[in-house]
Every structure is written in structure tokens, then in C-alpha cells.
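42 is the number of the first residue of the sequence shown in the working numbering; add one for each residue after it.
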Amino acid sequence: MANKSAVVIGGGPAGLMAAEQLLAAGVSVDVYDAMPSMGRKFLRAGIGGLNITHSEADTAFRRRYASAQSYTNKWLDAFGTEALLSWCRGLGVETFVGSSGRVFPLEKKAAPLLRRWLQRLRIQGVRLHTRHRFNGWDSSGQLLLDSPNGQIQRQADVVIFACGGGSWAKLGSDGRWLALLKAQGVACTDFLPSNCGFDFNWSNALSEQFGEPLKNIALGLTTATGEPWYRKGDALIASYGIEGSLVYAASSHIRDVISTQGQCTVYWDLFPERSVDALRSAIGKRKPKDSLSNVLRKQCRLSGSKLALLKALTSKQQMTDLESLAELLKALPQSLGSARPLDEAISTAGGVTLSQLNEQLMLKNMPGVFCVGEMLDWDAPTGGYLLTACFASGFVAGRGAASYLLGDAVTLRS
Numbered sequence: 042m043a044n045k046s047a048v049v050i051g052g053g054p055a056g057l058m059a060a061e062q063l064l065a066a067g068v069s070v071d072v073y074d075a076m077p078s079m080g081r082k083f084l085r086a087g088i089g090g091l092n093i094t095h096s097e098a099d100t101a102f103r104r105r106y107a108s109a110q111s112y113t114n115k116w117l118d119a120f121g122t123e124a125l126l127s128w129c130r131g132l133g134v135e136t137f138v139g140s141s142g143r144v145f146p147l148e149k150k151a152a153p154l155l156r157r158w159l160q161r162l163r164i165q166g167v168r169l170h171t172r173h174r175f176n177g178w179d180s181s182g183q184l185l186l187d188s189p190n191g192q193i194q195r196q197a198d199v200v201i202f203a204c205g206g207g208s209w210a211k212l213g214s215d216g217r218w219l220a221l222l223k224a225q226g227v228a229c230t231d232f233l234p235s236n237c238g239f240d241f242n243w244s245n246a247l248s249e250q251f252g253e254p255l256k257n258i259a260l261g262l263t264t265a266t267g268e269p270w271y272r273k274g275d276a277l278i279a280s281y282g283i284e285g286s287l288v289y290a291a292s293s294h295i296r297d298v299i300s301t302q303g304q305c306t307v308y309w310d311l312f313p314e315r316s317v318d319a320l321r322s323a324i325g326k327r328k329p330k331d332s333l334s335n336v337l338r339k340q341c342r343l344s345g346s347k348l349a350l351l352k353a354l355t356s357k358q359q360m361t362d363l364e365s366l367a368e369l370l371k372a373l374p375q376s377l378g379s380a381r382p383l384d385e386a387i388s389t390a391g392g393v394t395l396s397q398l399n400e401q402l403m404l405k406n407m408p409g410v411f412c413v414g415e416m417l418d419w420d421a422p423t424g425g426y427l428l429t430a431c432f433a434s435g436f437v438a439g440r441g442a443a444s445y446l447l448g449d450a451v452t453l454r455s
């Protein structure tokens with residue numbers, strides 16, 4: 042077993058998890074990353090508290106992966122939420138469930154977890170190499186890596202690619218690998234933004250609301266397949282348009298509708314806890330001398346960024362039509378025509394087509410070569426879903442690679 046070697050390209054959660062499984066099977070492992078340190082995007086995700094997974098019931102949790110669910114189900118069967126939380130405890134990292142159901146480390150930071158993980162991997166024998174960028178293969182099939190000392194060649198019994206998607210290039214996920222794998226005959230789809238904001242040309246009157254949150258609001262739309270989509274949450278008015286967790290959750294649907302129809306109309310529900318009849322009754326209490334703004338503030342309790350959003354997306358005629366105003370408050374339309382640039386997206390869809398891989402995430406036309414994480418063509422919302430599946434894919438590929446090398450003789454160290 043000591044003679045078997047593995048190379049992992051990419052030092053994010055998926056790559057490091059794969060390396061850990063190989064190490065546990067007694068395989069010699071080298072991890073290469075293009076950046077000056079490991080886990081750059083993982084650390085960036087931790088700035089907001091490191092939402093590592095979600096406490097949602099398993100069936101609902103798995104539905105978040107939409108069209109990729111038949112694949113991601115197998116990853117989560119092997120390494121789901123409970124396994125991930127147990128793994129965190131093994132690193133001495135305790136977690137808690139927030140009010141939204143999202144799960145965070147008690148310290149609400151990525152750095153302590155990553156630091157402990159890398160320390161454990163080093164003790165186990167992994168060799169970590171930074172500032173090494175994958176640059177294809179030479180004529181003999183050896184890996185080419187650009188290093189601080191020039192180009193080097195590496196040969197290994199198995200290779201696991203964990204190169205990330207196509208967003209946040211400054212953190213290492215620049216998608217350069219896509220052309221290199223395509224050149225080897227690997228079917229890949231172009232990257233698309235996911236968990237992203239959308240452009241909208243606001244009037245100057247709304248400029249004071251830029252950066253202001255839209256709390257306790259809901260968003261609805263009709264998906265590209267004709268199905269209704271509706272969810273409550275929080276959003277944000279940005280200078281360029283709209284963003285925030287609720288928008289990110291809807292982003293893949295909005296993106297796909299724009300792709301097929303040229304634009305997507307979403308509908309804001311400014312009062313998700315109140316009915317049309319209740320709002321109509323409140324508006325009906327308007328006194329003769331009350332302005333409409335006063336009615337909305339006093340009777341409907343609409344103010345701040347929500348009131349500004351209503352005014353920005355309606356005409357004067359609509360605002361004064363009290364007969365239909367209640368319906369408008371429950372379904373305020375906004376037409377969107379473009380997502381923000383790819384590199385601004387939290388994650389990306391696209392990448393290696395899942396049908397190219399077997400159940401262990403090995404490429405069918407390149408035996409001994411595995412692909413994991415965001416470089417695969419699947420999509421998931423933020424909220425812990427994306428990160429959980431990245432960990433799980435690394436776990437599956439790491440164990441799959443060990444089995445490929447060692448067959449039934451695989452024995453994992455505790």
C-alpha cells in the first residue's frame with residue numbers, strides 16, 4: 042500500500058476530504074493548490090459565519106439539488122449532514138443551529154476548522170504544495186504543474202481534480218482547467234452564475250436605499266419548466282439591482298428563465314404573513330385627509346426599503362388605484378434581464394458533465410482520474426447545501442480512488 046500514490050489538484054473542502062480518505066487507506070498523497078495557501082474560498086465563505094450545513098429534514102434537504110439529485114443522493118448517502126457534523130466534532134469543532142435552521146461552528150469562523158484540519162492532515166502524512174497550478178499533461182501522460190521554480194511533471198497512480206468552479210478567480214476558482222479537460226475528450230458544459238445577484242436599472246430616487254435589507258419578504262416566479270416557485274426570506278437592494286439570500290435561492294430559476302425567454306418577471310410579496318383581504322381592509326380604513334404614504338405606513342405598516350421598493354416598481358397610476366393596491370402589495374412585479382458577471386457569483390453551474398463519471402466519481406474515459414466538488418455540473422443554493430455536497434463528493438471520490446487502487450483490501454485507519 043505504501044507504494045501507491047495519489048495527487049489531489051485543489052486544496053478546498055472537496056480536495057482535502059478526498060485526500061483524507063486516501064491517507065486513511067494508507068495511500069501516499071500530495072495536494073497541490075495554485076494559491077499561496079489552502080482553502081482560500083472556504084475561508085472567504087467563513088467571513089459571514091461559515092454556514093457549514095443545514096438542519097432541514099433529509100427529504101427536503103436532498104430536494105435542494107434539483108436535477109442533480111439522483112447523483113447527489115448517493116454522495117449524501119455516504120457522507121450526509123450527520124456524518125459532516127460528527128467529522129467537525131472529531132476536529133474539536135462544535136456546531137449550533139441558527140434561527141434560520143442553518144448550522145454554524147460555535148466560533149462562526151472557517152479559519153480555526155481549516156487550521157486544525159490541515160494540522161491533522163500533515164500529521165497523517167499529507168504533503169501540501171502551494172503556488173502550484175495545474176497546466177495539463179505532457180505527451181507521456183504526466184501531469185504538468187507550474188511551480189515557483191518552473192514547470193514540473195508529476196506521475197501518480199490516481200489523480201483527483203478538485204479545481205473549483207468558475208467564480209471568484211482571485212481565490213483560485215478561475216475555471217482554467219475546463220479547456221484542459223475538454224482537450225482530453227471530457228464532456229463539459231460552460232459555466233453559468235449561480236447564487237448571484239441580478240441587474241436592474243433603479244431610478245435615482247432609490248439611491249438612498251442602496252445596501253438596505255428587505256426583511257421578512259417573499260419572492261415568487263414561474264420556472265422555466267412552468268412550475269410555481271415561492272419562498273420567504275431576506276433580500277437586499279443593491280446599486281446594480283437585487284441580491285441577498287432570497288435572490289440567491291431563486292437565482293438558478295431566474296437565470297434559466299432569462300436564458301430561454303430573454304427576461305424573467307419575479308413577484309415580491311411585501312407581506313408574506315398577511316392576506317390580500319387583510320391588506321384590502323387596512324387600506325379601506327384610509328381617512329379623507331390621509332395621503333397614500335401615510336395609509337401604507339399607518340394601516341399596512343409599510344415603510345423603509347419595502348416602501349421604497351414599491352414606489353420604484355410602480356407608476357403613479359398604480360399607486361393611486363386603491364382597488365388593486367392590495368394585490369400589488371402581494372405580487373409586486375419586477376422584470377430582470379441579466380445576472381451579475383460570472384466572477385461575482387458565489388458559485389457556478391456547469392463543468393464536468395455528471396454522466397461522464399461513475400458512482401465513485403471517476404471519469405469513465407480516464408481510469409484513475411476523479412473529479413469532485415464545484416467543478417462538476419451540479420447546482421445548489423447557499424445555506425449549507427453547496428458546502429455539504431462538496432465535502433460529500435470528496436469523501437466518495439477519496440474512498441472510490443482508494444478502492445480503485447487497493448480493491449477489496451481497503452482498510453481505513455480510525
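Just so it is clear, CB atoms sit at the ideal spot from N, CA and C, and this is done for glycine as well.
For clarity, every value in this text was computed on a predicted model and none was experimentally measured.
Asked                                                                                                                   : Found
Boundaries of the beta strand (DSSP E) in which residue 266 is found, first to last residue                             : First-last for residue 266: undefined, no H or E at that position.
Rounded distance between the beta-carbons of residue 433 and residue 201, thought under 8 Å                             : About 14 Å separates the two Cβ atoms, so there is no contact after all.
Cα-Cα separation between residue 180 and residue 221, rounded to whole angstroms                                        : 14 Å
Exposure of residue 296, with buried meaning 16 or more beta-carbon neighbours within 10 Å                              : buried
Between the CA atoms of residue 227 and residue 385 - distance to the nearest angstrom                                  : 26 Å
Boundaries of the alpha helix (DSSP H) in which residue 164 is found, first to last residue                             : 152–165
Distance between residue 445 and residue 215 (C-alpha atoms, nearest Å)                                                 : 29 Å
Beta-carbon proximity of residue 250 to residue 349, cut-off 8 Å                                                        : yes
Whole-angstrom distance between residue 213 and residue 124, CA atom to CA atom                                         : 28 Å
Contacting residues, own chain, Cβ-Cβ under 8 Å from residue 379 (five flanking each side not counted)                  : 239, 240 and 299
Distance, residue 91 Cα to residue 441 Cα                                                                               : 28 Å
Stretch-stretch touch, CB-based, cutoff 8 Å, three pairs: the stretch 160–177 with the stretch 53–71                    : yes
Residue 308, enclosing beta strand (DSSP E) - first and last residue                                                    : 305–310
Residue 170 - containing beta strand (DSSP E), residue span                                                             : 168–170
Exposure of residue 138, with buried meaning 16 or more beta-carbon neighbours within 10 Å                              : exposed
At least three beta-carbon pairs within less than 8 Å, the stretch 98–110 to the stretch 420–432                        : yes
Option in 406, 272 and 301 with minimal Cα separation from residue 288                                                  : 272
Contact between the stretch 313–333 and the stretch 360–370 (3+ Cβ pairs under 8 Å)                                     : yes
Close-in-space but distant-in-sequence residues of the same chain around residue 233 (CB under 7 Å, 5 per side omitted) : 296, 389, 390 and 391
One or two residues paired with residue 192 in a DSSP bridge                                                            : 187
Own chain residues within Cβ distance below 7 Å of residue 346, not counting five before or after                       : 250, 253, 254, 255 and 278
Minimum length 4: unbroken alpha helix (DSSP H) runs contained in the stretch 65–135                                    : 81–86, 99–104, 110–119 and 122–131
Own chain partners of residue 173 with C-beta closer than 6 Å, once the 5 adjacent residues on each side are dropped    : 73, 186 and 188
Nearest-angstrom Cα separation, counted from residue 292 out to residue 264                                             : 11 Å
Nearest to residue 110 (by Cα), restricted to the options 55, 395, 128 and 44                                           : 395
Residues near residue 286 in its chain [Cβ-Cβ closer than 8 Å; skip 5 each side]                                        : 274, 275, 276, 423 and 424
Close beta carbons around residue 327, own chain, < 6 Å, minus the five adjacent residues each side                     : 336
Unbroken beta strand (DSSP E) run spanning residue 231, endpoints                                                       : 229–235
Exposed unless 16 or more other CB atoms sit within 10 angstroms - verdict on residue 267                               : exposed
C-alpha distance - residue 339 paired with residue 333, whole-angstrom precision                                        : 10 Å
Range covered by the alpha helix (DSSP H) that runs through residue 436                                                 : 426–447
Which listed residue (312, 159, 203 and 359) has its alpha carbon closest to that of residue 78                         : 159
Beta-ladder partner(s) of residue 258, from DSSP                                                                        : 274
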